[in-house]
Amino acid sequence: MPTIPLHPPNSHSTTNPTANLNPLPPLLHTPTGLALLELQGTIHFPTPADPSTSPFTRIGTLVFPLYNPEINGAEDTKWMKRVYLYVGENQRLAGEVKKLGKGFAVVRRRERVGDGEEMEGVEREDADGDMVDRGQGTQEELEIVELVKYKIVFSTRPEPVSKDGAVV
Numbered sequence: 159m160p161t162i163p164l165h166p167p168n169s170h171s172t173t174n175p176t177a178n179l180n181p182l183p184p185l186l187h188t189p190t191g192l193a194l195l196e197l198q199g200t201i202h203f204p205t206p207a208d209p210s211t212s213p214f215t216r217i218g219t220l221v222f223p224l225y226n227p228e229i230n231g232a233e234d235t236k237w238m239k240r241v242y243l244y245v246g247e248n249q250r251l252a253g254e255v256k257k258l259g260k261g262f263a264v265v266r267r268r269e270r271v272g273d274g275e276e277m278e279g280v281e282r283e284d285a286d287g288d289m290v291d292r293g294q295g296t297q298e299e300l301e302i303v304e305l306v307k308y309k310i311v312f313s314t315r316p317e318p319v320s321k322d323g324a325v326v
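If you're matching positions, the sequence shown starts at 159 in the numbering used here and goes up one per residue.
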């Protein structure tokens, strides 16, 4: 059975989830790190004019109205009871942060950092997006980027809101 080395996360990724060194998009960063987003429904996106554009589409803004570590302290978990996801300018989903029964790891391929060379035997994308083999004989390695321990659950229908955030 083949094996792949798995390295623990760097110290900067778990102590400061908003650090510039984190390779993941900051879209689902919460005060506790990355979270899984659970929606009850479907989000409809317009068809892109150019299918070769970036696959990332912004769907809204996450707001944690009760999170204030200066006043409540870093150990306070009251902020987890209320989370808002503003979709566009006219809809707001209300939800809460819940702990996952079992957490999971987000992993990525690891590049060799000792001598500055890329690892051999690992496929990489070239400028055209094609996969290219960069050598032979060396095994690929993975590293844990983040541990996900929470999910954000939105189980109600969206509320209509005005542009200033007031519920209509």
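Think of the CB as a built atom: it goes at the ideal place given N, C-alpha and C, for glycine as much as any other residue.
Suppose you measure from the CA of residue i to the CA of residue j; what does that come to, to the nearest Å?
i, j, result
"residue 163", "residue 220", "35 Å"
"residue 235", "residue 189", "10 Å"
"residue 315", "residue 244", "12 Å"
"residue 222", "residue 237", "7 Å"
"residue 312", "residue 194", "11 Å"
"residue 247", "residue 298", "45 Å"
"residue 321", "residue 161", "53 Å"
"residue 294", "residue 218", "Since pLDDT at residue 294 reaches only 49, below the 50 mark, its modelled position is unreliable, and the value read off the structure follows with that caveat. Computed Cα separation, rounded: 44 Å."
"residue 325", "residue 231", "29 Å"
"residue 226", "residue 307", "21 Å"
"residue 191", "residue 202", "27 Å"
"residue 305", "residue 239", "21 Å"
"residue 233", "residue 216", "30 Å"
Under DSSP, the beta strand (DSSP E) around residue i begins and ends at which residues?
i, result
"residue 304", "300 to 312"
"residue 254", "249 to 267"
"residue 196", "191 to 197"
"residue 241", "241 to 245"
So, under 8 Å CB-CB, residue i and residue j are touching, yes? Tell me the CB distance rounded to an integer number of Å.
i, j, result
"residue 258", "residue 309", "6 Å"
"residue 149", "residue 241", "Nothing can be reported for residue 149, as the shown portion of the chain is limited to 159 through 326."
"residue 167", "residue 303", "6 Å"
"residue 249", "residue 206", "22 Å between Cβ atoms; not a contact."
"residue 165", "residue 267", "Their Cβ separation, rounded to whole angstroms, is 11 Å, which puts residue 165 and residue 267 out of contact at 8 Å."
For the alpha helix (DSSP H) containing residue i, list its first residue and its last residue.
i, result
"residue 230", "227 to 230"
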